[in-house]
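Number of protein chains: 2
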Amino acid sequence: MNQTDPAGELTREVLDRIEGAPDARLREVLQAAVRHLHGFAREVSLSPAEWLAGIRFLTAVGRMSDDQRQELILLSDTLGLSSLVETIAHPVDAATDATVLGPFYVPGAPWRAAGDSIAVADPGGSPCVVRGLVRGASGPLAGAVLDAWQCASNGLYDVQDPGQPPGNMRGRFRTGDDGSFVFRTSRPVSYPIPDDGPVGVLLRASGRHPWRAAHIHVIVSADGHEPVTTHLFDAASSYLDSDAVFGVRASLVKEFLAQPDGSTLVEHDFVLRAA
Amino acid sequence: MNQTDPAGELTREVLDRIEGAPDARLREVLQAAVRHLHGFAREVSLSPAEWLAGIRFLTAVGRMSDDQRQELILLSDTLGLSSLVETIAHPVDAATDATVLGPFYVPGAPWRAAGDSIAVADPGGSPCVVRGLVRGASGPLAGAVLDAWQCASNGLYDVQDPGQPPGNMRGRFRTGDDGSFVFRTSRPVSYPIPDDGPVGVLLRASGRHPWRAAHIHVIVSADGHEPVTTHLFDAASSYLDSDAVFGVRASLVKEFLAQPDGSTLVEHDFVLRAA
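If you read the protein sequences in the order shown, they are chains A and B. Numbering-wise (this note's numbering), the first sequence opens with residue 8 and increments by one. Numbering-wise (this note's numbering), the second sequence opens with residue 8 and increments by one.
So this is what it looks like as C-alpha cells:
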C-alpha cells in the first residue's frame, strides 16, 4: 500500500487484477467502469452511510425488475444513459435520428394494411393520420417495414391496461411500391412514466416530474439498411423541453396539422442508412 | 441539440435537469454519478447490445439480493468499491486501519468471558489464541468491546451452514481494567466468496479467483472513540496479494506463532481514534 495515496493505490490494484480478463473488450469496458466508479466515490468522498443508501436503492431497483416492469431500464432512461447510448451508436448525418426504445415495445405487432388504424379500441382518442415515405440514399424504399406503437388516450399502453385488447395501438405496415406509408391512430398524449417505484422516489428527490412529451414510437427497417428506433413528437405537446427520459430530438418534433374533418395529419419521411 | 457534440449536449441537459434537487448533497452526488456514468459510456463507446448486457447483468444481481444473500454488496466488494469507501472514510494515522465489513456480520453476537472460545462447534479447527490491547490516544482502554466473527474450518460462516449452531465462531468480549483482551478460536482458513451467481460469472470472465485470504473479522468500539471495522489476516495465508474483495491492509497482516502445545498465538493491539 502506498501510504501517500491509499485510495489511488487501491484503484490501481483493482485495475491490475482485471488485466488478466481473456476478452479484450470486456477488459476495456470493465476497467473503464472501475475507473469511473472509483473516480465518482473519490470525487464526492462517498461516505459508508451513502454507499449503503446506494446499495439499498439499487437493490430495490433490481428486485422490482422483471419481464413486466423493468425498473433498471427506467433508471437508465431517467439518467439519460439510454438516450446517450443511442446517440453514441449513430453518427449525425442525413438519416433519421434514433431515440430510446422505451420499456413498452412488444415484438410481433399485428400486420395491418395501408390506411388501417392501430387504434382498435380507443374511444376517447382524437383521430390522426400519419403518412410519408421511407427513403434510402438512392431514393424511396418499397417494402420497408414500420413497426409503430403508442399509448392510448388514457396514457396507458396495452401491456399496462387490462381494459385494452392485446395489440391495441400497435401495428406493422409495409411501404408501397413508391416507398409511401399511411396509417391512422389517435393523436398521442403526454403520460407519466411509472413512478410508484424507487425511480419515482429519485425523480421526486431530484425535483423532477415523470412526464414524457407526447409521441408515437416507430422502428423502421428495410432490406440492406440499418433499422432505426425512433419517435415522432407532437410539436404542440408539453414537456418537449423536459421529457423525463431525454428522448426528444429537434428533428423528430413534428406539427400535427388540423384537418377539415377534425382529425390531425402528420407527415414525416424516414431516412435509413445503408447497412 | 448542439449538432457538433450531441452526446456532450445530452450530458449537460441531464445535469441541468438535476439542478433543482432540493438537497444540496443529493444534487452533488447525483450530478457526479451522471458525469461518470455518461463519461464511461462515451469513453468506451458503449454499444446498445453492451448496454443491454449490462442491464441484464445488474438486474440478475439485484434480483438475487435479499437479507440472506446480498449479491450487490458482493459486486461492490469484488470491484473494490467497498474497500475504497472504507479507505476514503478513514485518514491514514496511528489508528488501526479499517477494512470491509463483508456480508456475514450478524449484530448481537453472544457475550463471552475473557479466555473463552468462539469456536463452539468446529471439530476440524486448529486451536488459536488471540490477545492484545485496545488503546486510545492516551493509553489502554478498559471496557472496550471486541465483536469478533470468522468462518469455521470448513470455510463456511454459521449463517451459511445449517450444520453450525447460531453464534458459532462469533463472540463479544470486553477488555479488562488494563485494556487487555484474550479469546480463543480456530486458526482462520481461506474461503471462496459465493460464486454461484452473476458476480461469480463476472469473476471468471475477468480471469479472477473468488478466494479471500484467511482472516478474523473484528469490530472494536469504546466509549468516546470511533469504532473500527477491521480484520486480522494470517501472514501464512495464500491470497494476501489477490484477496477477492481487496480487503488486505499491510498493517493487518499478522504472524500466527506456533506454540509448544500445537496451537498458534496471534498478538495485536487495536488503536482507536477519539470520536
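Note that beta-carbon positions come from the ideal geometry of N, C-alpha and C, so glycine has one too. Since the model is a prediction, treat every value here as computed from it, not as a measurement.
Query	Result
In chain order, what residues of the same chain have a beta carbon less than 6 Å from the beta carbon of Cys158 (chain A), not counting five sequence neighbours either side?	Tyr164, Tyr198
Specify the secondary structure class of Ile125 (chain A) as computed by DSSP and reduced to three states.	coil
In three-state terms, what does DSSP make of Phe253 (chain B)?	coil
Compute the distance between the beta-carbons of Val227 (chain A) and Val141 (chain A), then report whether it is under 8 Å.	yes
Going straight from the alpha carbon of Leu239 (chain B) to that of Pro130 (chain B), what length do you get?	22 Å
In the stretch 43-60 of chain B, which residues sit with their C-beta less than 7 Å from some C-beta in chain A, listed in chain order?	His43, Leu44, His45, Gly46, Phe47, Ala48, Arg49, Glu50, Val51, Ser52, Leu53, Ser54, Pro55, Glu57, Trp58
Report the start-end ranges of each alpha helix (DSSP H) in the stretch 72-139 of chain A that is 4 residues or longer and not cut off at the edges.	78-85, 88-96
By Cβ distance below 7 Å, which residues in the same chain neighbour Met8 (chain B) in space, the five residues on each side in sequence not counted?	Because Met8 (chain B) carries a pLDDT of 44, less than 50, the predicted location of this residue cannot be relied on, and the following value inherits that uncertainty. Answer for Met8 (chain B): Glu16, listed in chain order.
Please classify Ile200 (chain B): does DSSP put it in a helix, a strand, or coil?	coil
So Glu20 (chain A) contacts chain B; which residues on that side make the cut at Cβ distance below 8 Å?	Gly87, Phe253
Any beta carbon of chain A sitting closer than 8 Å to that of Gly109 (chain B)?	no
What does the Cβ neighbour count give for Leu44 (chain B), buried or exposed, with the cut at 16 atoms within 10 Å?	buried
Residues of chain A with CB closer than 8 Å to the CB of Ile226 (chain B), please, in chain order.	None at all; the shortest Cβ gap to chain A is about 13 Å.
What three-state label does DSSP hand Ala265 (chain B) in the structure shown?	strand
So, does the stretch 162-182 of chain A touch the stretch 114-130 of chain A, judging by three or more C-beta pairs under 8 Å?	yes
In chain order, what residues of the same chain lie with their CB nearer than 7 Å to the CB of Leu91 (chain A), ignoring the 5 residues before and after it?	none
Below 8 Å CB to CB, which residues in the same chain sit around Ala242 (chain A) once its five sequence neighbours on both sides are set aside?	Val260, Lys261, Glu262, Phe263
What do you reckon, are the CB atoms on Glu274 (chain B) and Arg138 (chain B) nearer than 8 Å?	yes
Less than 8 Å between CB atoms is the rule here; does Ala40 (chain A) satisfy it with respect to chain E?	The chain inventory of the structure shown lacks chain E, comprising the protein chains A and B.
What residues are listed by DSSP as bridge partners for Asp154 (chain A)?	A:Arg179, A:Ile226
Who are the near neighbours of Arg119 (chain B) in its chain, counting only those whose CB is closer than 8 Å to its CB and skipping five residues on each side?	Ile125, Gly178, Arg179, Phe180, Phe190
Keeping to the same chain, check which residues put their C-beta closer than 6 Å to that of Pro110 (chain B); ignore five residues upstream and five downstream.	Gln77, Ile80
Mind pulling the chain A residues with CB within less than 8 Å of Gly204 (chain B)?	What Gly204 (chain B) touches in chain A: nothing, since even the nearest Cβ is about 12 Å away.
Reducing DSSP to helix, strand and coil, say where Gly162 (chain B) ends up.	coil
With respect to the alpha helix (DSSP H) encompassing Thr18 (chain B), which residues constitute its N-terminal and C-terminal limits?	13-25
When the Cβ atoms of the stretch 100-107 of chain A are set against those of the stretch 200-215 of chain A, are three or more pairs found closer than 8 Å?	no
Rounded to whole angstroms, what's the CA-CA distance from Ser83 (chain A) to Asp185 (chain B)? Just pull it up for me.	56 Å
Does any CB atom of chain B fall closer than 8 Å to the CB of Gly69 (chain A)?	yes
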